[in-house]
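Comments concern the structure below.
Numbering (full-length UniProt numbering), first residue to last: 1 to 133.
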């Protein structure tokens, strides 16, 4: 929380945009201003609504953790104990890894769609040949 409160993101309320929020774990306070951080209800839960909310919150956090795991798997430099760059460049390195990661996902998806389209065209061609015979 100390790092978050000292960040430009927090001080200048740069993110998230209105209507969105950051999903935080129980170590963060649930706050609305200057940025919105949503955390799970603390135990003991009082009813099914809080229990269901915590379940949905846990699923969202799990998805986020998996995304970070995939990102770190692709960009091993993020796994090291300390990036071997000046600390002022760390945000730029992480941002660059995220951008490259997203671009590679887009490229992979585009390639996959093209391969599926080619396969469908081949199958349609084969079906056409069978119909003609």
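Yeah, the Cβ is synthetic: ideal placement off N, Cα and C, and Gly gets one too.
In chain order, what residues of the same chain lie with their CB nearer than 6 Å to the CB of residue 31, ignoring the 5 residues before and after it?
Translated into positions along the chain shown, residue 31 becomes position 31. Around residue 31: 37.
Measure the alpha-carbon distance for residue 108 versus residue 46 and round it to whole angstroms.
The count along the chain shown starts at 1 and reaches residue 108 at position 108. The count along the chain shown starts at 1 and reaches residue 46 at position 46. Each residue's alpha carbon lies about 45 Å from the other.
Taking C-beta to C-beta, are residue 33 and residue 71 nearer than 8 Å?
As a working note, residue 33 is residue 33 in the chain shown. As a working note, residue 71 is residue 71 in the chain shown. Contact: no.
Spatial distance of residue 24 from residue 16 (CA atoms)
Looking up residue 24 in the chain shown gives position 24. Looking up residue 16 in the chain shown gives position 16. Cα to Cα, residue 24 sits roughly 13 Å from residue 16.
Given a cut-off of 8 Å on the beta-carbon distance, is the pair residue 35 and residue 13 in contact?
The sequence position of residue 35 within the chain shown is 35, counting from 1. The sequence position of residue 13 within the chain shown is 13, counting from 1. Contact flag set, yes.
Cα-Cα, which of 67, 93, 76 and 1 is closest to residue 105?
Taking the chain shown and counting its residues from 1, the one referred to as residue 105 is at position 105. For the residues 67, 93, 76 and 1, the minimum Cα distance to residue 105 belongs to 67.
Would you mind working out which of 75, 110 and 103 sits nearest residue 93, comparing C-alpha positions?
Residue 93 sits at position 93 when you count from the first residue of the chain shown. The shortest C-alpha separation from residue 93 is found at 75.
Between the CA atoms of residue 87 and residue 77 - distance to the nearest angstrom:
By one-based count along the chain shown, residue 77 stands at place 77. By one-based count along the chain shown, residue 87 stands at place 87. One C-alpha to the other measures close to 14 Å.
Which of the three DSSP states, helix, strand or coil, is assigned to residue 35?
As a working mapping, residue 35 is identified with position 35 in the chain shown. Reduced to three states, the DSSP call for residue 35 is coil.
Is DSSP giving residue 23 helix, strand or coil here?
By 1-based counting over the chain shown, the position of residue 23 is 23. Of the three classes helix, strand and coil, the one that applies to residue 23 here is strand, per DSSP.
From the DSSP output, in three-state form, read off residue 7 for me.
Locating residue 7 in the chain shown gives position 7, where the first residue counts as 1. Of the three classes helix, strand and coil, the one that applies to residue 7 here is coil, per DSSP.
Taking buried to mean at least 16 other C-beta atoms within 10 Å of its own C-beta, is residue 40 buried or exposed?
Your numbering for residue 40 matches position 40 in the chain shown. So residue 40 ends up on the buried side.
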